[in-house]
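The structure appears right after this line, and notes come after that.
Residue numbers (the working numbering): 115 to 438.
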C-alpha cells in the first residue's frame, strides 16, 4: 500500500479539488494519502469521521513566485510535502503547483540520482500504440548533447517499467527526420543516442510522430516538449468544441446519427483529455515526485495520485538507478 503526500494548496482550484480527489482515491484504491496545507481549511472539507491524515503547512507557494524561493519557504505546502518524502514519512508526493519550484525541491531537497545531471518531466502522450513517453516536457529549457542520453535512459525505464513496453523505440524531436536536420547540438545528440541505444534509436522524429505511435519515447528539451504538451491540450479542446458546434448546427437526421455515435465521440474526447493522464513524473531525483496540471479538478488529482502509486509499486526510481 502506497503512502502519498498531496500538496493540497498547489493548484488553481485548491484545496477543494485536491481534497475531493484524495478522498475518492483513498475510497477506490485503499492507498494512504496525507493532505498537506492549512489544516483548518482542509478539516472543514472532509467528513467528520474521516481518518485521512493532515499535516499543517500554513503557507501557499504561488504560481508566480520565484522557484528558487521554495527552499526558504519551509512552511509552504509543497515544501512540507516533499520533505515528508525526504524524511521517509511518505513514499512520494504530488503537487499541482509551481513547476519550477517542484524541480528545485526535487533537485536540491530529494537530490539527483547518480549519473543524472538534469532531472526531467516525463509524461505520457496519447498515441495509437497506447501512449508515448515525452521527456522533457518542461523542466529544462535547454540541454547539452549528453543530457539527451540521460533523458533516453529515463524515458526507456518509464516505457518498460510503467507502460510495460518490452523493446521501446527512442526518437529525438527535431524539425525533420533526416539525420542532417537541426542545429549542431541535436546533430551531436543524435550521434550519442545512436551509439547508446543502437537499433532501438529511430533517429529524428517530428511532432506528429509523438501521437502516431511508431516511437515509444520522444526526447526533447523542456521548451519544445512543453509546447508539444500544451498544443496537444489545445487541439483536444478545439476538436471537442468543434464537434459540439457541428452537431448543434446539424439537421435532425444528423443529430440522430451523432447520438448513435455518442459513445465513439466520448471515447475520442477522453483520449485527448489531460485529466486522464493525471500527472507527470519528475524523473532523475531520489524520490517519487509527480506534477499535476495547475488547473486539475478532482478527476485529474485522482489520476495524478494513481500515477504516483504506480511509480511506487513499479519501483521506477530503482529501475532508473539500475539503468544509468
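All residues carry an ideal CB built from backbone N, CA and C; glycine is no exception.
Keep in mind that this is a model prediction, so the values were computed, not measured.
- Task: Give a yes or no on whether the C-beta atoms belonging to residue 151 and residue 122 are separated by under 7 Å.
- Result: yes
- Query: Between 130, 438, 416 and 209, which lies nearest to residue 403 when the distance is taken from Cα to Cα?
  - Reply: 209
- 3 or more residues per run - each beta strand (DSSP E) lying fully within the stretch 127 to 200: 146 to 151 and 167 to 170
- List the whole-angstrom C-beta distance separating residue 271 from residue 434, where the pair is believed to meet the contact cut-off of C-beta under 8 Å. 5 Å
- residue 361 versus residue 240 - alpha carbon distance: 25 Å
- Any 3 or more C-beta pairs closer than 8 Å across the stretch 218 to 233 and the stretch 307 to 314: no
- Message: With a threshold of 6 Å on Cβ separation, who are the neighbours of residue 316 within its own chain once the five nearest residues in sequence on each side are excluded?
- Response: 283, 285 and 329
- Message: Within 8 Å, do at least three Cβ pairs link the stretch 248 to 265 to the stretch 417 to 424?
- Response: no
- Please check if any C-beta of chain D sits within less than 7 Å of the C-beta of residue 308. No chain D appears in this structure, which consists of one protein chain only.
- Message: On the criterion of 16 or more Cβ atoms from any shown chain inside 10 Å, does residue 312 qualify as buried, or is it exposed?
- Response: exposed
- Item | Three CB pairs or more closer than 8 Å across the stretch 200 to 214 and the stretch 287 to 307 | no
- Helix, strand or coil at residue 414 [DSSP, three-state]: helix
- Task: Output the boundary residues of the beta strand (DSSP E) element that contains residue 395.
- Result: 393 to 397
- Task: For residue 430, I'd like the list of residues in its chain whose CB is within less than 6 Å of its CB, leaving aside the five on either flank, ordered along the chain.
- Result: 275
- Message: Going by DSSP in three states, residue 209 sits in which element: helix, strand or coil?
- Response: strand
- Query: Which word fits residue 322, buried or exposed, when buried means at least 16 other C-beta atoms lie within 10 angstroms of its C-beta?
  - Reply: exposed
- Give, in chain order, every unbroken run of the alpha helix (DSSP H) that is at least 4 residues long and sits entirely within the stretch 257 to 307. 259 to 275
- Query: Ordered along the chain, which non-local residues of its own chain (more than five positions away) have a Cβ less than 7 Å from that of residue 231?
  - Reply: 261 and 264
- Query: Quick one: is residue 139 buried, meaning 16 or more other Cβ sit within 10 Å of its Cβ, or exposed?
  - Reply: buried
- Give the DSSP-derived three-state secondary structure of residue 224 in the structure shown. helix
- 4-residue-minimum alpha helix (DSSP H) runs that sit fully inside the stretch 330 to 366, ordered along the chain: 336 to 362
- Cα-Cα separation, residue 268 to residue 399: 11 Å
- Could you say which of 417, 194, 188 and 149 lies nearest to residue 395 if we only look at CA atoms? 417
- Could you spell out the range, first to last residue, of the beta strand (DSSP E) harbouring residue 319? 315 to 319
- Task: Go through its chain and collect everything with a Cβ distance to residue 182's Cβ below 7 Å, but skip five positions before and after it.
- Result: 218
- Query: Going straight from the alpha carbon of residue 234 to that of residue 158, what length do you get?
  - Reply: 36 Å
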